[in-house]
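S.K.:
Number of protein chains: 2
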Amino acid sequence: MRKSYPFGSRATMSETVLSQAALSQATDSHEEPKTLVEGAYQRLRRDIIEGVHAPGEKLRVEHLKEHYDVGAGTLREALLLLVTDALVVAQGQRGFRVAPISIADFEDITRTRVLLETEALRQSIASGGEDWEAAVVAAFHRLSRAEQRLADHDVGTTEEWESRNRAFHEALISASSSRWIRHFQHILYQQSERYRRISLFRQPIARDIHAEHQALFEATMARDATRATSILTEHILRTLDAVKRMPADFFTSKSKR
Amino acid sequence: MRKSYPFGSRATMSETVLSQAALSQATDSHEEPKTLVEGAYQRLRRDIIEGVHAPGEKLRVEHLKEHYDVGAGTLREALLLLVTDALVVAQGQRGFRVAPISIADFEDITRTRVLLETEALRQSIASGGEDWEAAVVAAFHRLSRAEQRLADHDVGTTEEWESRNRAFHEALISASSSRWIRHFQHILYQQSERYRRISLFRQPIARDIHAEHQALFEATMARDATRATSILTEHILRTLDAVKRMPADFFTSKSKR
DNA sequence: GATCGTTAAAATCTCGAGAAAGTATATTGA
DNA sequence: TCAATATACTTTCTCGAGATTTTAACGATC
């Protein structure tokens, strides 16, 4: 006799969505949890991405179950779900750990993102209809407003900007015919978000990001795939340079065992 | 309580292995299970890939726990791990289900595989050293032997061929600098393997697969990235044609509820 | 002082049983 | 006959407690 667990995941939808569900993450952030496992999963994910739990840190179930207010089994299942996002690593008989970070990893994430996201954008531009266009316009508008607010130094809006930036990038590729590419892109974006937030280089508008978004938006709407993917590539790669200029020992300092 | 970030990873193992662990599946097939969950996970995965559990089929924990001889909680965790491989879908308060299949999905898988695998091969050819070459030579040799045996109509060797074919494809890209691409490739390959085995079109050597492998091998060893990726693309896409010629209702038939 | 083995503590992994939600069946009324 | 509701059954989800393994502490020996 040992222990138990629970778990849970997505919501009720049609058959077609089912195969989509095979690819989508356990819970898309905006949906509300239908189960305790989902709730713990969402909160844990947010905490990891925001750096509350440091990279490489040991995640002790006995300890965390209090804080997230669920049973041990439930928490284990939530942790298992996070393995899908590659935010948590599970090792044989030795529990769970926050996935570590490194410059090399971020470089890999970024380049792979370029590969997938440009391909997806190409597909979207090729086959996207009016609904897609409308979604892109809307997402861009919302993002622009948030960026305006950031420029005005309104505080407390970076959270909003993060969310809308993600929505914009996802809208751009939402008409891609490949669910798998979108699935992988989703995972990679989440990873890169983690780097962006953990690193202190909180100058979201140090470079003129809005201008980049504007250009990306216009090229996309003009259905100029070559130009759009080119801009997107530069756009993504630029964040790589920022991280590379971080102090060299930034990623190597030790966490607690 | 939120603690702020001390970052970095720790070093039970070398940096590289750790971050690699973040991407690798819970258990790489050849390793032996250190835990009951892993054991159930491996057996379940094999059964799903081999079609013992049909696509779309409901996976009732109460029922399966006997067959796999573990507790309900343990089986749930194994199921959760399979979500990472996108072989199982979990739905909110409604249990688990084998991920469904469709022609469109297989087409997506195939094309995405081409995108990732050719890029990975390019990287391998660009930066692979002698160790990589040796690994490729060895894998190709083993595969060739298996294909020879298949041609001689030795029975019971298709299992062996499957395994060696996979090993060959993974060896080709093993020198890729991108762990993420290799990670995604691994998932996609598993998926395609499922299609190949579920579909009855068991003519593994209907077309001269060995010749294709031979050409791919030679181009790779000659470090001719253009030719190698071209052959690889054709090689992967050819299986797509085979599936497309399947009876149209093949994928829509079974699901049971 | 350092390596090794023994012992104690902590954490993981596992199971069975109970509460909540979903699914199927039966009954009722038009 | 059909639809709608109520009831019974099945399955999922959740928790607390026990067995194993890992990790830490402590000495002993060289």
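Top to bottom, those sequences are chains A and B. Numbering (our numbering) for the first sequence: 1 to 257. Numbering (our numbering) for the second sequence: 258 to 514. All C-beta atoms, glycine included, are put in the ideal place defined by N, C-alpha and C.
Could you give the residue range of the alpha helix (DSSP H) that holds A171(A)?
M.R.: Numbered from its first residue, the first sequence carries residue 171(A) at position 171. Taken as a continuous stretch (DSSP letters only), the alpha helix (DSSP H) holding A171(A) covers T158 to L172.
S.K.: Give the single residue among S401(B), D411(B), A472(B) and A377(B) whose Cα lies nearest to the Cα of S434(B).
M.R.: What you label residue 434(B) is simply residue 177 of the second sequence in a count that begins at 1. The option with the nearest alpha carbon to S434(B) is A377(B).
S.K.: Can you grab the Cα-Cα spacing for the pair Q282(B) / E170(A), in whole Å?
M.R.: Position 25 of the second sequence holds residue 282(B). Position 170 of the first sequence holds residue 170(A). The predicted position of Q282(B) is uncertain, since its pLDDT is 49 and thus under 50; no value can be drawn from it.
S.K.: Determine the burial state of D108(A): buried for a count of at least 16 other Cβ atoms within 10 Å of its Cβ, exposed for fewer.
M.R.: Walking along the first sequence from the start, residue 108(A) turns up at place 108. Buried, by the Cβ-count rule.
S.K.: For a quick check, are the C-beta atoms of V340(B) and A347(B) less than 7 Å apart?
M.R.: Counting from one through the second sequence, the residue named residue 340(B) turns up at place 83. Counting from one through the second sequence, the residue named residue 347(B) turns up at place 90. Against a cut-off of 7 Å, the Cβ pair of A347(B) and V340(B) comes out as a contact.
S.K.: Kindly indicate which three-state DSSP category K34(A) falls into: helix, strand or coil?
M.R.: Position 34 of the first sequence holds residue 34(A). Coil, per DSSP.
S.K.: Is the CB of V83(A) under 7 Å away from at least one CB in chain B?
M.R.: Taking the first residue of the first sequence as position 1, residue 83(A) is located at position 83. True, the Cβ-Cβ gap to chain B drops below 7 Å.
S.K.: Any C-beta of chain B sitting closer than 7 Å to the C-beta of L237(A)?
M.R.: Here residue 237(A) refers to the residue found at position 237 of the first sequence. Chain B, which has no Cβ nearer than 7 Å to the Cβ of L237(A), makes this no.
S.K.: Checking 7 Å against the spacing of the C-beta atoms, do L116(A) and F184(A) come in under that value?
M.R.: Counting from 1 along the first sequence, the entry for residue 116(A) is found at position 116. Counting from 1 along the first sequence, the entry for residue 184(A) is found at position 184. Yes, the pair counts as a contact, with Cβ atoms nearer than the cut-off.
S.K.: Over the uninterrupted alpha helix (DSSP H) stretch that includes A90(A), give me the two end residues.
M.R.: Counting from one through the first sequence, the residue named residue 90(A) turns up at place 90. Unbroken run through A90(A) is the beta strand (DSSP E), V88 to A90; no alpha helix (DSSP H).
S.K.: Between the region 61-88 of chain A and chain B, which residues of the former have CB atoms less than 8 Å from a CB of the latter, in chain order?
M.R.: Cβ contacts with chain B: H67, G73, R76, E77, L80, L81, V83, T84 and A86.
S.K.: What number of angstroms, rounded off, separates the C-alpha of P204(A) from the C-alpha of T239(A)?
M.R.: As a first step, residue 204(A) is located in the first sequence; it is residue number 204 there, counting from the start. As a first step, residue 239(A) is located in the first sequence; it is residue number 239 there, counting from the start. Reliability fails at P204(A), whose pLDDT of 49 lies under 50, so the model's placement of it is uncertain and no value is given.
S.K.: Can you name the residues of chain B whose CB is closer than 8 Å to the CB of R149(A)?
M.R.: As a working note, residue 149(A) is residue 149 in the first sequence. Correct list: empty, because the minimum Cβ distance to chain B is about 25 Å.
S.K.: With V340(B) as the anchor, note down where its alpha helix (DSSP H) starts and where it stops.
M.R.: Within the second sequence, residue 340(B) is the residue found at index 83, counting from 1. Per DSSP, V340(B) belongs to the alpha helix (DSSP H) from A329 to T341.
S.K.: Just the C-alpha distance for R379(B) and G386(B), rounded to the nearest angstrom, thanks.
M.R.: As a first step, residue 379(B) is located in the second sequence; it is residue number 122 there, counting from the start. As a first step, residue 386(B) is located in the second sequence; it is residue number 129 there, counting from the start. If you take the alpha carbons of R379(B) and G386(B), they lie about 13 Å apart.
S.K.: For I438(B) and T112(A), what's the separation of their Cα atoms in angstroms?
M.R.: Residue 438(B) sits at position 181 when you count from the first residue of the second sequence. Residue 112(A) sits at position 112 when you count from the first residue of the first sequence. Cα-Cα distance, rounded: 7 Å.
S.K.: Return yes when the Cβ of G308(B) is within less than 7 Å of the Cβ of H444(B), no when it is not.
M.R.: Counted from its first residue, the second sequence places residue 444(B) at position 187. Counted from its first residue, the second sequence places residue 308(B) at position 51. In the sequence under discussion, the amino acid at residue 444(B) is Ile, which differs from the His named in the question. Their beta carbons are not under 7 Å apart, which means I444(B) does not touch G308(B) by this criterion.
S.K.: Does chain A have any CB closer than 7 Å to the CB of G304(B)?
M.R.: In the second sequence, residue 304(B) corresponds to position 47, counting from 1. Residue identity check: residue 304(B) is Asp in the sequence provided, not Gly. Cβ-Cβ to chain A under 7 Å: no for D304(B).
S.K.: Anything in chain B within Cβ reach of S258(A), meaning under 8 Å, just list it in chain order.
M.R.: Chain A is shown only over 1 to 257; residue 258(A) falls outside these bounds and no answer can be derived.
S.K.: E162(A) to R317(B), Cα distance in whole Å?
M.R.: Working through the first sequence from its first residue, we reach residue 162(A) at position 162. Working through the second sequence from its first residue, we reach residue 317(B) at position 60. So the alpha carbons of these two residues sit roughly 39 Å apart.
S.K.: Answer yes or no: does any C-beta atom of chain B fall closer than 7 Å to that of F184(A)?
M.R.: Indexing the first sequence from 1 puts residue 184(A) at position 184. With 7 Å as the cut-off, F184(A) counts as an interface residue toward chain B.
S.K.: Using three-state DSSP, classify L237(A) as helix, strand or coil.
M.R.: Here residue 237(A) refers to the residue found at position 237 when the first sequence is read from its first residue. The answer is helix: DSSP assigns L237(A) an H, G or I state.
S.K.: Compute the beta-carbon to beta-carbon distance between L172(A) and T220(A), rounded to the nearest angstrom, for a pair I have assumed lies under 8 Å.
M.R.: Along the first sequence, one-based indexing puts residue 172(A) at 172. Along the first sequence, one-based indexing puts residue 220(A) at 220. Between T220(A) and L172(A) the Cβ distance is about 6 Å, and since that is below 8 Å, they are a contact.
S.K.: Using only alpha-carbon positions, find the residue among V114(A), A211(A), G71(A) and G95(A) that is nearest to A151(A).
M.R.: Start at 1 with the first residue of the first sequence, and residue 151(A) comes out as number 151. Cα-wise, what sits closest to A151(A) is A211(A).
S.K.: Count the other C-beta atoms from every protein chain shown that fall within 10 angstroms of the C-beta of V412(B), then say buried if there are 16 or more, exposed otherwise.
M.R.: The count along the second sequence starts at 1 and reaches residue 412(B) at position 155. The residue is exposed, with fewer than 16 neighbouring Cβ atoms inside 10 Å.
S.K.: Check whether the Cβ of A278(B) lies closer than 7 Å to any Cβ atom in chain A.
M.R.: Taking the first residue of the second sequence as position 1, residue 278(B) is located at position 21. Its pLDDT being 49, under 50, A278(B) is placed unreliably by the model, and the measurement read from it follows with that caveat. So yes, A278(B) belongs to the interface.
S.K.: Quick check: what's the CA-CA separation for G73(A) versus L36(A)?
M.R.: For this step, residue 73(A) is matched to residue 73 along the first sequence. For this step, residue 36(A) is matched to residue 36 along the first sequence. Near 11 Å, if we compare the C-alpha coordinates of L36(A) and G73(A).
S.K.: Quick check: what's the CA-CA separation for R423(B) versus H153(A)?
M.R.: Here the question's residue 423(B) lines up with position 166 in the second sequence. Here the question's residue 153(A) lines up with position 153 in the first sequence. Near 54 Å, if we compare the C-alpha coordinates of H153(A) and R423(B).
S.K.: Indicate whether at least one CB of chain B lies closer than 7 Å to the CB of G129(A).
M.R.: For the purposes of this step, residue 129(A) is identified with residue 129 of the first sequence, where counting begins at 1. Judged by the 7 Å Cβ criterion, G129(A) is not in contact with chain B.
S.K.: Considering only residues of the region 93-138 of chain A, which uninterrupted alpha helix (DSSP H) runs meet the minimum length of 4 residues and lie entirely inside it, listed in chain order?
M.R.: Runs found: 103-127.
S.K.: Below 8 Å on the Cβ atoms is my contact criterion, and I expect V327(B) with A297(B) to pass it. Report the Cβ-Cβ distance as a whole number of Å.
M.R.: As a first step, residue 327(B) is located in the second sequence; it is residue number 70 there, counting from the start. As a first step, residue 297(B) is located in the second sequence; it is residue number 40 there, counting from the start. Right, the Cβ-Cβ distance comes to about 5 Å (below 8 Å), so this counts as a contact.
S.K.: DSSP has K244(A) in a bridge; who is on the other side?
M.R.: Here the question's residue 244(A) lines up with position 244 in the first sequence. DSSP output for K244(A) lists no bridge partner at all.
S.K.: What is the rounded straight-line gap between the Cα of L44(A) and the Cα of H53(A)?
M.R.: As a working note, residue 44(A) is residue 44 in the first sequence. As a working note, residue 53(A) is residue 53 in the first sequence. Cα to Cα, the separation comes out at about 9 Å.
S.K.: For L121(A), go through chain B and note every residue whose CB falls closer than 7 Å to its CB, in chain order.
M.R.: As a working mapping, residue 121(A) is identified with position 121 in the first sequence. Under the 7 Å cutoff, chain B gives no residues; its nearest Cβ is about 13 Å from L121(A).
S.K.: Are T490(B) and V371(B) close, meaning C-beta to C-beta below 7 Å?
M.R.: Here residue 490(B) refers to the residue found at position 233 when the second sequence is read from its first residue. Here residue 371(B) refers to the residue found at position 114 when the second sequence is read from its first residue. Yes.
S.K.: Is the distance from the Cβ of F140(A) to the Cβ of F96(A) below 7 Å?
M.R.: Translated into positions along the first sequence, residue 140(A) becomes position 140. Translated into positions along the first sequence, residue 96(A) becomes position 96. No, they are not a contact pair.
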